[in-house]
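Some notes on the structure that comes next.
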Amino acid sequence: MAFFKRKTKEEPVKSLKAFVPGKVISITEVNDPVFSSKALGDGIAIQPAAQVITAPCDGVISMIAEESNHAIGMTLNNGVELLLHIGLDTVSLNGEGFCVFVKANDKVKQGDKLMEFDKALIESKGFETTCILVVTNSDDYPDTEYLSGMEAVQNETEICKF
0 MAFFKRKTKE
10 EPVKSLKAFV
20 PGKVISITEV
30 NDPVFSSKAL
40 GDGIAIQPAA
50 QVITAPCDGV
60 ISMIAEESNH
70 AIGMTLNNGV
80 ELLLHIGLDT
90 VSLNGEGFCV
100 FVKANDKVKQ
110 GDKLMEFDKA
120 LIESKGFETT
130 CILVVTNSDD
140 YPDTEYLSGM
150 EAVQNETEIC
160 KF
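Numbering of the sequence shown is given in numbering that gives the first Met the number 0, commencing with residue 0 and proceeding in unit increments.
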């Protein structure tokens with residue numbers, strides 16, 4: 000009887016995969032004091048080798064930086080809140096060079112395409128393209144482990160464990 004089939008409970012997210020390929024660095028190495036001081040929360044960064052950002056895990060899109068399209072927020076089923084921020088000071092580009100494929104409240108799966116950015120255009124305007132992942136409520140998750148110092152394969156390399 001399929002009518003009475005129990006809904007399986009979602010397993011809480013336990014790790015994050017690389018959301019873009021490239022060199023993974025500590026958030027303290029990001030060339031911006033707001034991020035490197037962890038003012039927005041702890042996290043990790045990737046110096047991108049490609050231009051497509053994918054979901055680091057399953058979750059719900061909680062926010063898109065309207066007009067600038069340079070940042071996306073996600074809420075995970077374990078309560079973690081993420082900010083994916085592309086480039087440094089790229090908000091001033093007013094969306095030029097960014098294309099977002101999701102909207103607020105969309106449910107996404109790990110590996111889903113979230114956005115694309117024009118690396119060459121951003122660099123030609125004098126901005127860095129470092130891609131930052133911040134756990135904005137990191138104080139609530141003090142045992143989180145951020146993994147850096149390696150070349151990440153998109154959707155495969157683990158960059159964070161809860």
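Built from N, CA and C at the ideal position, the CB exists for glycine as well.
ALA70 burial status per 10 Å Cβ neighbour count (16 or more: buried): buried
Helix, strand or coil at LYS118 according to DSSP, with G and I counted as helix: helix
Environment of CYS98 [buried if 16+ CB atoms lie within 10 Å]: exposed
Buried versus exposed, by CB contacts within 10 Å (16 or more), MET149: exposed
Inter-stretch contact at 8 angstroms, needing at least 3 Cβ pairs: the region 8-15 / the region 84-103: no
Alpha-carbon to alpha-carbon, GLY21 and ILE45: 6 angstroms
C-alpha gap between SER61 and PHE161, whole angstroms: 20 angstroms
Residues near MET0 by beta carbon distance below 6 angstroms, same chain, minus five either side: Low local confidence applies: a pLDDT of 47 at MET0 is under 50, so the model's placement there is unreliable, and no value is given.
The region 74-81 touching the region 136-150, judged by at least three CB pairs closer than 8 angstroms: yes
Coil, strand or helix - PHE18 by DSSP: coil
Pairwise C-alpha distance: ILE158 and LEU146: 5 angstroms
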